[in-house]
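Asks:
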Amino acid sequence: MARSEQQSNERYGGRWFWRYASPSAFFAPAGRIETLCWVLAAVLAAIGLYLGFFVAPTDAQQGEAYRVIFIHVPAAWMAMVIYLAMAFWSLLGLWLGTRLSFMMSHALAPTGALMAVLSLWTGALWGRPTWGTYWVWDARLTSTLILFFLYVGYMALAAAFDDRRKGDRAAALIALVGAINVPIIYFSVKWWNTLHQGSSVRPGSSSMATIMLAAMLIMTFAFWAYSIAAAMHRLRTIIIEREGNAAWLRASVLGGKR
Amino acid sequence: MTLKQKRLALILGGLAVIAVAVALVLSAFNQNLVFFFSPSQIVAKEAPVGRAFRLGGMVEEGSVKRDGIDVQFRVTDTAQVVPVRYSGILPDLFREGKGVVAQGTLGPDGVFQAKEVLAKHDENYMPPEAATAVEKAHQARDMAAHTLKP
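Keeping their order, the protein sequence lines are chains A and B.
Under the numbering used here, read the first sequence as residues 1 to 258, first letter to last.
Under the numbering used here, read the second sequence as residues 1001 to 1150, first letter to last.
(1) If the cut-off is 9 Å on Cβ atoms, which residues from the region 67-83 of chain A count as contacting chain B, listed in chain order?
(2) Mind listing the chain A neighbours of B:M1126? Cutoff is C-beta to C-beta under 9 Å, in chain order.
(3) Compare the Cα-Cα distances from A:L44 to each of A:A214, A:R234, A:I240 and report the closest residue.
(4) For A:Y134, does the three-state DSSP call read helix, strand or coil?
(5) Strictly below 8 Å CB to CB, what residues from chain B border A:V177?
(6) For B:L1015, tell me which candidate among A:I146, A:V73, A:I174, A:A116 has the shortest Cα-Cα distance.
(7) I need the straight-line Cα distance from B:V1017 to A:L94, nearest angstrom please.
(8) Under the DSSP definition of a beta bridge, which residues are partnered with B:V1100?
(9) So, under 8 Å CB-CB, B:A1102 and B:Y1086 are touching, yes? Tell me the CB distance rounded to an integer number of Å.
(10) Assuming A:L118 and A:I71 are in contact, meaning their beta carbons sit under 8 Å apart, how far apart are those beta carbons, in whole angstroms?
(11) Could you confirm whether any beta carbon from chain B is found closer than 8 Å to the beta carbon of A:S119?
(12) Determine, using beta-carbon pairs with one atom in the region 1050-1058 of chain B and one in the region 1089-1101 of chain B, whether at least three such pairs fall under 8 Å.
(13) Tell me which residue opens and which closes the alpha helix (DSSP H) that A:D168 is part of.
(14) Ordered along the chain, which non-local residues of its own chain (more than five positions away) have a Cβ less than 6 Å from that of A:W38?
(15) Could you work out which residues of chain B lie near A:D138, taking near to mean beta carbons separated by less than 8 Å?
(16) Mark B:I1089 as exposed unless 16 or more other C-beta atoms lie within 10 angstroms of its C-beta, in which case mark it buried.
(17) Could you check what DSSP says for B:D1067 in three-state terms: helix, strand or coil?
(18) Name the chain B residues whose beta carbon is nearer than 8 Å to that of A:S200?
(19) Just to confirm before moving on: does the CB-CB distance between A:A30 and A:M212 stay below 8 Å?
(20) From A:L96, A:G52, A:S24, pick the residue whose C-alpha is nearest to that of A:I218; which is it?
(21) So does the region 98-117 of chain A actually touch the region 153-161 of chain A, counting three or more Cβ pairs closer than 8 Å?
(22) Closest by CA to A:A172, which one among A:T130, A:T133, A:H106?
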């Protein structure tokens, strides 16, 4: 181990983790991360949903309708975080030209789009009984809808080129430029008058009862674990798709090793 | 500079330019991004005249008068007050002392004729017992302030 680490240090310019920038080196660890995260997601979601739906009390103003936050808020946070992660990998890909970075970004996009849809959909279901309407064109809702379109645009553009490298780079630009939308979503309720309420949870403080907050945070970790697991699964599929002819991959897949 | 540094500088430079452009556009459209106007803005005549817009604020305590489906109430931002008239079904969360956003037009008599009324929820989530406790604390504080008044 020490020896091979030292060897790769010499080969990859001093940082052992750079080794994992290669699809062949990351294929097996990605599988292990995937398994771990599926387990984590299932356990955390079971605890979070139990706390959220059976232990947490009814809200004083909204009655039972508020329980949508245990899905809505984690989904909305994930939609924003995943977009930033996509932008990060796209930046690395454009800057250093690493193949795995683009694959990582592609692997994240469908999960991010799913999270954006989940947050818009659950928000609409909550908005009808609480606000009196499914949808309004306020800054928070509109910018989140734009986030969903950015995800769709990213996936469409990545698939639109026959030359895969061109698709990678064009889509990476959408990911980078669109990242400007994320702080706009986050601060929209602060900068403008919106129908959507302000943030209940800010770094260092919260205006929620403790048990509600605990359930929501556990659900957030469950969503993180699910997103990582789904992305790793998709990443491995993309690696197989793109490097299908490589000898290491044939050995790894047909040899039954993870 | 190496090629990689040049590429990074180009990407980051491009992003910075786009970010500045977006910031300028957003600040130019600031007025249109406002979802509602406050009573103070309406009294200061910042709201559009003769055209539909939204009014947002708190439903003043004790101001709601119902007559069948016709409702009258006053919206306040603690500085100014605008009276509102509305016929229709109010959302469940419409309460005195809570946030509200009404869409409609301002009549010549200064009464806001609402076509749609939405409840604006605040960011506080708490069980009913906690809400009662907070309410009691506020009442005690108000009472103390009242008795201490010269």
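By construction, the Cβ of each residue, glycine as well, lies at the ideal position given by its N, Cα and C atoms.
Please read these numbers as outputs of a predicted model, since none were measured by experiment.
Replies: Reading from the atomic positions:
(1) Flagged, chain order: I69.
(2) For B:M1126, the chain A residues whose C-beta falls within less than 9 Å of its own C-beta are P57, D59, A60, Q61, S207, M208, A209, M212, listed in chain order.
(3) Looking at the Cα atoms, A:A214 is the closest of the given residues.
(4) A:Y134: coil per DSSP, three-state reduction.
(5) Within 8 Å Cβ-Cβ: L1015, I1018.
(6) Closest in alpha carbon position to B:L1015, among A:I146, A:V73, A:I174, A:A116, is A:I174.
(7) The alpha-carbon of B:V1017 is positioned some 18 Å away from that of A:L94.
(8) Bridge partners of B:V1100: B:G1057, B:A1119.
(9) That pair is a contact at about 7 Å.
(10) Rounded, the Cβ-Cβ distance is 7 Å, consistent with contact.
(11) Not one chain B Cβ lies under 8 Å of A:S119.
(12) As far as the Cβ criterion goes, the region 1050-1058 of chain B touches the region 1089-1101 of chain B, which means the pair count is three or higher.
(13) Note, A:D168: alpha helix (DSSP H), 164-178.
(14) Only A229 meet the Cβ criterion.
(15) Correct list: F1035.
(16) Classification of B:I1089: exposed, given that the 10 Å Cβ count is below 16.
(17) Residue state, collapsed to three classes: strand.
(18) Contacts between A:S200 and chain B, judged by CB atoms closer than 8 Å, involve E1123, N1124, Y1125 in chain order.
(19) Their beta carbons are not under 8 Å apart, which means A:A30 does not touch A:M212 by this criterion.
(20) Looking at the Cα atoms, A:G52 is the closest of the given residues.
(21) The region 98-117 of chain A vs the region 153-161 of chain A: in contact.
(22) The shortest C-alpha separation from A:A172 is found at A:H106.
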